[in-house]
Amino acid sequence: GVIIVQTTQNTDAASWIVHTVPGFPAAKTGYSWPAAENAKGHLLICLTISKSQINAIAASLLRAEPLVHYNDIPETETVGMQYFKKLSDGQFPTVPPYLSRQSIKTAAQAAVTVNIYSKSATSRYEIYRRVIVKALKKTIKVWSRRDNKLKGDCRVVERNIRLIKSPARVGNHDTNLDADLTNWAVSDPGNIFCLIDRPYAKNQTVQSAMAVCIDQADIFARFNDIAAQVEDCPQ
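Just so we're aligned, residue -14 is where the sequence shown starts under our numbering, counting upward by one.
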């Protein structure tokens, strides 16, 4: 993802972009979209926020242990943001807690709440069931590449994990998991949409991971339409 801060004096404006686009943005150079990605599914979410939200984002990112490719945000813009300082310095925590839940709000007058869930690799938690389902207390429908080891899960009433059938209909065309690099989920019942940075696969239990969950009816409705068909529960 990308954190962007507007440095104009007396301006409280920032953005957080969460995406699947490879190599975006290119530090100090113009970005060129790779032609090979035209045939693949991608997702980019841009959240307009105030600068006061950056530290909470950084706190979540610390658990997700990202590689910081580039940072040119002036320190004057992040004074007092201890988590952002640790993030920019690569000071990732090595002791519990291994989970983080942070909430931010968008800058619009009708602000939207965004919950960020992250886990460290040390936790060995499975983010879809152990983190997302537990936090939402709802069934989720998941669109993600799979390893055929981690199956759908219908053991707990109203806490199911249902896998969306591939191909799925997006607008007026079909998309399939082989050509789609996104991992997302919608709650059942709504109105929550989550973007997850790890596929629905067994090996993510030993990897750091993050989910960005947005409670907004219009966004939910668009993705819930794609999630119309789900696979049967495992027997």
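By construction, the Cβ of each residue, glycine as well, lies at the ideal position given by its N, Cα and C atoms.
Asked	Found
If you pair each beta-carbon of the region 13 to 26 with each one of the region 40 to 48, do three or more pairs fall below 8 Å?	no
Does the region 182 to 202 come close enough to the region 119 to 139 to have 3 or more Cβ pairs within less than 8 Å?	yes
If you draw a straight line from the alpha carbon of residue 154 to that of residue 202, how long is it in whole angstroms?	19 Å
Quick check: the Cα distance between residue 206 and residue 144, rounded to an integer number of angstroms?	20 Å
Which whole-angstrom value is the C-beta distance of residue 225 and residue 114, which I expect to be below 8 Å?	Shown here, the chain extends from -14 to 220; a query on residue 225 therefore has no answer.
Along the chain, which unbroken stretches of the beta strand (DSSP E) at least 3 residues long are found entirely within the region 108 to 134?	124 to 128
In the DSSP assignment, find the unbroken alpha helix (DSSP H) run with residue 205 in it and report its ends.	202 to 211
Can you tell me which of -7, 27, -4 puts its alpha carbon nearest to the alpha carbon of residue 8?	27
Of all the CB atoms in chain D, is at least one closer than 8 Å to the CB of residue -1?	In the structure shown, chain D cannot be found, because there is only a single protein chain.
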